[in-house]
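Trainee: Structure incoming, see below.
Protein chains in written order, with this note's numbering: chain Z, 6 to 305; chain D, 2 to 512.
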């Protein structure tokens, strides 16, 4: 196998793999900037994954499935947000509760509706449309890497750009960051910081709904706990990306690459599969350590 | 003269406690005057102003401005009516520029959705120009001084077209020079037809700048006077209901033996281009109060942490009775007899949810054990009863300390620390935010320590406090000591202010 033939598919795949991380992290960034740690990302992704695929199967429409799935996720994030922000519950407890609720709710509904807590296959679902621009696709290397992905991939990039503009170039972004930095500054000028925190959470509901939809609709099936830690890694991605949209894009790519590599490596590298599958998580730990060292250096 | 703002029969009672913060208060302010609203902490000044600014709603009473009755439901409504408030602590976003902070909430836009930064800077520059501030709109808040932050707060209100400005304790964190600059600004604003309400408890300032005074005590208006007709002593008498002694007889200078000694103490980590602590050397001797002052951000906090053993130093040495104690643990320091009254009395000085009596044994709980290893409750209660009466603490020994007033919390901390004092005590900002009576009590205790031969280190950004108490005065600027002088008539507020701002430096060029 030539080195090019080996590395291009890995990079191509990593771009698909990074999409749910990226989406969840961008939403989580909005919550983070408003001054709250969103540990409910994991549960919200799961909600999005479950409802988008069953609604898509029930309605026979991918678009309706996605929309209703996102709507359900926003609804759950609203409950999480309302209890945390307006009823002033501890965000760690409510966040963990949201994650537990998501895994319980999906299992119960799955058993109640489909009679199984296991994998749900929806073979009649159409595949996600992918973007192929024939002339561009022929560009060597870049064409292979950047084209031929499903539409969610490109949507997530557009969302990164929109997020950047929203954060740095709109009054909303200024107020959101103002809330995170000094809520009293907001109160002093008559703005309610709680509303901006709520918006931060609702946006994370939206992007996690999308992130969940990517997982299940790409597969045409629902696997229990399909989010499998992506929400937690998305949290790391937010910090690793320096709490900026483009930083997050870069950090998400690193994780995509790590997971993509571990998928490939299982086939032919002679080390235990468990260890290879742990690779993305080792990267997570290493990245956090390196980042904290670098930060300390800079302060000195 | 016709009244401009009239607040009539305002009452406000706070929920559970039933505390009457404002009891039938009536306030009249005339157009174009600087009206001082004075009173001790808890007198109800801030509550009254929060009602005027729409942060709180009164239980009863009316507000009218220019003869028109108003309902002020929130700060936005207050801004619309032309009322602006400058809070005691900066309400600014550190990461944003001056202009961004000023326009936050009323942002100029382009293409209907985007924030127009250029327009924001131009509009803010115009306000700055017109009112003769010295600040540039594109500077970040994290790069400007506390005095400049206050200017930004005022600019913020002027940008919102405020005609009536409320300033809540604006001078408490400023240096002498900055205070004079603030007063110049206020006088300038009055010339332009604005009206100012100044909340303060510093009486010299009231005399200096205000036209009229309203004095509040325990939620009521005690007196309204023309400033020219009263002197400081009378005002203070009205505030506390009794006369306060401002001149302390410091007493004899006693023994002078070095107890604590810092030699070239440095923290090399840099902040704003200078080491956080840079070659700090001084001695604290028995029977002496060493005062260390400076503007916030120049190393006072770090020096406090170093002396309390909470921050390791990168070079230099610290000696206690000629023994090297450099970088030893806080526990070891405590065992050597360190007594410490910290700046942050709520987080560092006390455990808010635990009772007064438990707080009183935090540093000596080993002495209150029975032989079987559990607490001796009788002994603890007795200890607590004794200290509560000795330190005149207004609060029960079994209630959480967090339910006490600031002054009483500080007295509990004082009682705990001073009861076991050996030869050395560190006070940091001991009277910050406290009323006159509590401050006076703390000063007396400090002088009592000095008379008993204890070495006292007082870190304080309050120049008056330093001038009143300290025998030797050090000033910090950008992490260095720039002055170390015995107190005396030549060392005035103005001179210290010059050192604090780095205009004077006795030690430059040494080493």
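We put the beta carbon where it would ideally sit given N, CA and C, even for glycine.
1) Quick test of your reading: residue 176 of chain D and residue 498 of chain D, contact by CB under 8 Å. State the CB separation rounded to the nearest angstrom.
2) Just confirm the distance between the C-beta atoms of residue 156 of chain D and residue 166 of chain D, as a whole number of angstroms; I'd bet it's less than 8 Å.
3) When you check each C-beta in the segment 154-182 of chain Z against every C-beta of chain D, which residues fall closer than 8 Å?
4) Please indicate yes or no: does the CB of residue 490 of chain D lie closer than 8 Å to some heavy atom of the ligand ATP?
5) Please classify residue 138 of chain D as buried or exposed, where buried requires at least 16 other C-beta atoms within 10 Å of its C-beta.
6) Would you list, in chain order, the members of the segment 64-78 of chain D that have their beta-carbon closer than 7 Å to a beta-carbon of chain Z?
7) Hey, out of D:384, D:353, D:357 and D:354, whose CA is closest to residue 368 of chain D's CA?
8) How should residue 244 of chain D be labelled, buried or exposed, when 16 other C-beta atoms within 10 angstroms of its C-beta is the threshold for buried?
9) Given that a residue counts as buried once 16 or more other Cβ atoms are within 10 Å of its Cβ, and exposed if not, what is residue 246 of chain D?
10) Could you say which of D:382, D:37, D:495 and D:456 lies nearest to residue 212 of chain D if we only look at CA atoms?
11) Could you tell me the distance, in whole angstroms, from the CA atom of residue 419 of chain D to the CA atom of residue 355 of chain D?
12) Kindly indicate which residue of D:447, D:434 and D:427 has the alpha-carbon position closest to the one of residue 341 of chain D.
13) So residue 189 of chain Z contacts chain D; which residues on that side make the cut at Cβ distance below 7 Å?
14) Can you name the residues that DSSP bridges to residue 320 of chain D?
15) Less than 9 Å between the C-beta atoms of residue 161 of chain D and residue 100 of chain D, yes or no?
16) What are the residues in the segment 95-111 of chain D lying within 8 Å of chain Z by C-beta distance?
17) Spell out the partners DSSP gives residue 434 of chain D in its beta bridges.
18) Tell me which same chain residues have a C-beta within less than 7 Å of the C-beta of residue 60 of chain Z, skipping the five on either side of it?
19) For residue 134 of chain Z, which three-state DSSP category applies?
20) Tell me which residues of the segment 110-136 of chain D have at least one Cβ-Cβ distance to chain Z shorter than 8 Å, keeping chain order.
21) Where residue 246 of chain Z and residue 182 of chain Z are concerned, what is the direct C-alpha to C-alpha distance, given to the nearest angstrom?
22) Assess, as a yes-or-no matter, whether the segment 75-86 of chain D is touched by the segment 43-58 of chain D under the definition of 3 or more beta carbon pairs within less than 8 Å.
23) Please check if any C-beta of chain Z sits within less than 9 Å of the C-beta of residue 56 of chain D.
24) By the DSSP assignment, the alpha helix (DSSP H) with residue 334 of chain D in it spans what residues?
25) Where does the unbroken beta strand (DSSP E) through residue 477 of chain D begin, and where does it stop?
26) Which ranges does the alpha helix (DSSP H) cover as unbroken runs of at least 4 residues, wholly within the segment 251-305 of chain Z, from first to last along the chain?
27) How would you list, in chain order, the residues of chain Z whose beta-carbon sits under 9 Å from the beta-carbon of residue 51 of chain D?
28) For chain Z, check one thing: does any of its Cβ atoms lie closer than 9 Å to the Cβ of residue 80 of chain D?
29) Any beta carbon of chain Z sitting closer than 9 Å to that of residue 86 of chain D?
30) Cβ of residue 192 of chain D less than 9 Å from any chain Z Cβ?
31) When you check each C-beta in the segment 186-215 of chain Z against every C-beta of chain D, which residues fall closer than 8 Å?
32) List the whole-angstrom C-beta distance separating residue 127 of chain Z from residue 58 of chain Z, where the pair is believed to meet the contact cut-off of C-beta under 8 Å.
33) Please confirm if residue 219 of chain D has its CB atom under 9 Å from at least one CB of chain Z.
34) Hey, is residue 46 of chain D's beta-carbon within less than 9 Å of any beta-carbon in chain Z?
35) Can you grab the Cα-Cα spacing for the pair residue 137 of chain Z / residue 211 of chain Z, in whole Å?
36) Can you tell me whether residue 508 of chain D is buried or exposed, with buried defined as 16 or more other CB within 10 angstroms of its CB?
Mentor: In terms of the structure at hand:
1) 5 Å
2) At roughly 11 Å, the Cβ-Cβ gap does not stay under 8 Å, so residue 156 of chain D and residue 166 of chain D are not in contact.
3) 170, 174, 175, 176, 178, 179, 180 and 182
4) Absence of the ligand ATP is noted for the structure shown, with no ligands found whatsoever.
5) buried
6) 75, 76 and 77
7) D:384
8) Interpretation of residue 244 of chain D is limited by its pLDDT of 45, a score under 50 that renders its predicted location unreliable; the figure taken from the coordinates is listed afterwards. With fewer than 16 Cβ atoms within 10 Å of its Cβ, residue 244 of chain D is classed as exposed.
9) Note on residue 246 of chain D: pLDDT 45, under 50, position unreliable in the model; the coordinate value appears next. Classification of residue 246 of chain D: exposed, given that the 10 Å Cβ count is below 16.
10) D:37
11) 20 Å
12) D:427
13) 92
14) D:262 and D:325
15) no
16) 95, 96, 97, 101, 102, 105, 106, 107, 108 and 110
17) Beta-bridge pairing links residue 434 of chain D to no other residue.
18) 69, 70, 73 and 74
19) coil
20) 110, 114, 115 and 116
21) 17 Å
22) yes
23) yes
24) 331-336
25) 473-478
26) 278-282 and 284-304
27) What residue 51 of chain D touches in chain Z: nothing, since even the nearest Cβ is about 11 Å away.
28) yes
29) yes
30) no
31) 186, 187, 189, 190, 191, 192, 193, 194, 195 and 196
32) 6 Å
33) no
34) no
35) 26 Å
36) exposed
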